[in-house]
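Structure record follows, encoded as structure tokens.
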Amino acid sequence: MSAQPAETASGFATEGFDPATATIVAVTYNRSHLLAGLLESIVRMDPKPGHVVVIDNASSDDTTQVVESFRDRLGAELVYRRLQENTGGSGGFSEGMRVAYELGSTWMWLMDDDVEVLPDGLARMGAWAPRFKSIQGRRYDYDGSEFYWQYRVSVPLGIPIPFAPAGFDDAGYRPMNSGCFEGMFIHRDVVRRIGLPDPRFFIYWDDTIYGWLASRVTRSAIVNEFVLKRTREIRQWDMGTRHLNASSNMYRYHIMRNRGIMAHYYRAHGAYRPVYFAIGTAATFVKEIIRLVFVERTVRGTSNLWRGLRDGARIRRDPSFRVMPPLEEAPS
């Protein structure tokens, strides 16, 4: 039986969408104070999801105690998984999506621990569920400003398109061919067809590739609905609508290293163009140099870029590399 039209306390209709079939998947690592803010925001949600899955990347702080303190307050079934080692955001979201899928979730809403969900966020996302199966909502930044996310990628170059329009017309959405695990709202049918996120990325480019894979099997859209707010201030270079955030040596390494993994996914799906992809890799390297100089005011850290570039080339040339398989074969 399909869900009957419902209306939340905020007056936002959820016709054709059953919130109980949705699962929020949150990944955390040693940031229990931020995770507590996210869980507190879920307490305030209307409607609430059926499940909340928290994947703990082997935190050494009081994350376990914080999670347990919310078990009777969330208003949704809480599933807590503490991993034996830090698998990065990529491994955390892969495991979280696996758990959500095995719970029978129809919709999976992925997010980091440094966001809060707006009270009617799930209703706003659910309103688009009848039209799309891979949806990205919008976010407020730490200071309350509108956060711009580059929702289109140039597939031959393998990089985001920086001049993709930031505004929305009366349609209320824009087609996208990328993804961001800070707010990705995805249907189990898509997950079944494209498989789980690849944990080998560890961090960076994992959601870009996953969103691209989703866009190959369904219509994907970013919708003009503010549903999340970032709760962690990040140093950035403000360029108006666009901006560059500060990074870290770990990110710098994986930004370049994971280009090798991306190449395998493009190759497996007939989209790999070596010359164009090399240009995109060079552009990524230059962008990270600009980030170092203008955001972090240093040139230290370039060795991590070179190291990542070297290791990425090795991965790209590895003939034994296999992309993640579908969870189930699509019916003929």
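The opening position of the sequence shown corresponds to residue 1 in full-length UniProt numbering, with each subsequent residue numbered one higher. The beta-carbon is built from N, C-alpha and C at its ideal position, and this holds for glycine as well. On a predicted model such as this, the values are computed, not experimentally measured, just so you know.
Sequence-distant residues of the same chain with beta carbon closer than 6 Å to residue i, five excluded per side
i	result
residue 268	323
residue 359	As displayed, the chain neither begins before 1 nor continues past 332, which places residue 359 out of reach and without an answer.
residue 293	none
residue 95	55
residue 20	50
residue 266	272
Residue i to residue j span [Cα, whole Å]
i	j	result
residue 209	residue 203	12 Å
residue 83	residue 97	14 Å
residue 279	residue 41	42 Å
residue 178	residue 165	14 Å
residue 23	residue 187	10 Å
residue 6	residue 46	Only weak support is given to the placement of residue 6: the predicted model assigns it a pLDDT of 44, under 50, and the value that follows is read from those uncertain coordinates. Each residue's Cα considered, the two are about 11 Å apart.
residue 211	residue 257	19 Å
residue 101	residue 325	15 Å
residue 285	residue 251	12 Å
residue 58	residue 32	12 Å
residue 219	residue 104	22 Å
residue 189	residue 134	10 Å
Sequence-distant residues of the same chain with beta carbon closer than 8 Å to residue i, five excluded per side
i	result
residue 67	35, 39, 54, 56, 78, 80
Residue of the options minimising C-alpha distance to residue i
i	options	result
residue 163	185, 29, 153	153
residue 169	183, 224, 207, 191	224
residue 122	133, 109, 132, 145	109
residue 206	100, 181, 218, 216	181
residue 276	289, 288, 259	259
residue 64	144, 85, 37, 30	30
Check: residue i C-beta below 6 Å from any heavy atom of the ligand GTP
i	result
residue 78	As for the ligand GTP, it is missing from this structure, which has no ligand bound.
Nonlocal neighbours in the same chain, by C-beta distance under 7 Å from residue i, ignoring five residues either side
i	result
residue 307	253
Spell out a yes or no on whether the segment 112 to 128 and the segment 225 to 232 are touching, meaning 3 or more CB-CB pairs, one atom from each, closer than 8 Å.
Enough Cβ pairs lie closer than 8 Å, so yes.
Tell me, please, whether the segment 120 to 138 touches the segment 51 to 60 by the rule of three or more beta-carbon pairs shorter than 8 Å.
Here the segment 120 to 138 does not lie against the segment 51 to 60, with fewer than 3 beta-carbon pairs under 8 Å apart.
Run through the segment 184 to 237 for me and flag every whole beta strand (DSSP E) of 3 or more residues, listed as ranges in chain order.
Listed in chain order, they are 184 to 187, 220 to 230.
Can you find at least 3 beta carbon pairs, one from the segment 148 to 160 and one from the segment 100 to 117, that sit closer than 8 Å?
Two segments are said to touch when three or more pairs of C-beta atoms, one from each, lie closer than 8 Å; by this definition the segment 148 to 160 does not touch the segment 100 to 117.
Is the number of C-beta pairs between the segment 181 to 200 and the segment 85 to 102 that are closer than 8 Å three or more?
Enough Cβ pairs lie closer than 8 Å, so yes.
Contained beta strand (DSSP E) runs [length at least 3] in the UniProt domain "Glycosyltransferase 2-like" (23 to 158), N- to C-terminal order
Within the UniProt domain "Glycosyltransferase 2-like" (23 to 158), the complete beta strand (DSSP E) runs of at least 3 residues are 51 to 56, 77 to 82, 107 to 112, 115 to 117, 134 to 140.
Is the segment 301 to 319 touching the segment 168 to 182, taking contact as three or more C-beta pairs under 8 Å?
Flag = no, the segment 301 to 319 and the segment 168 to 182 do not touch.
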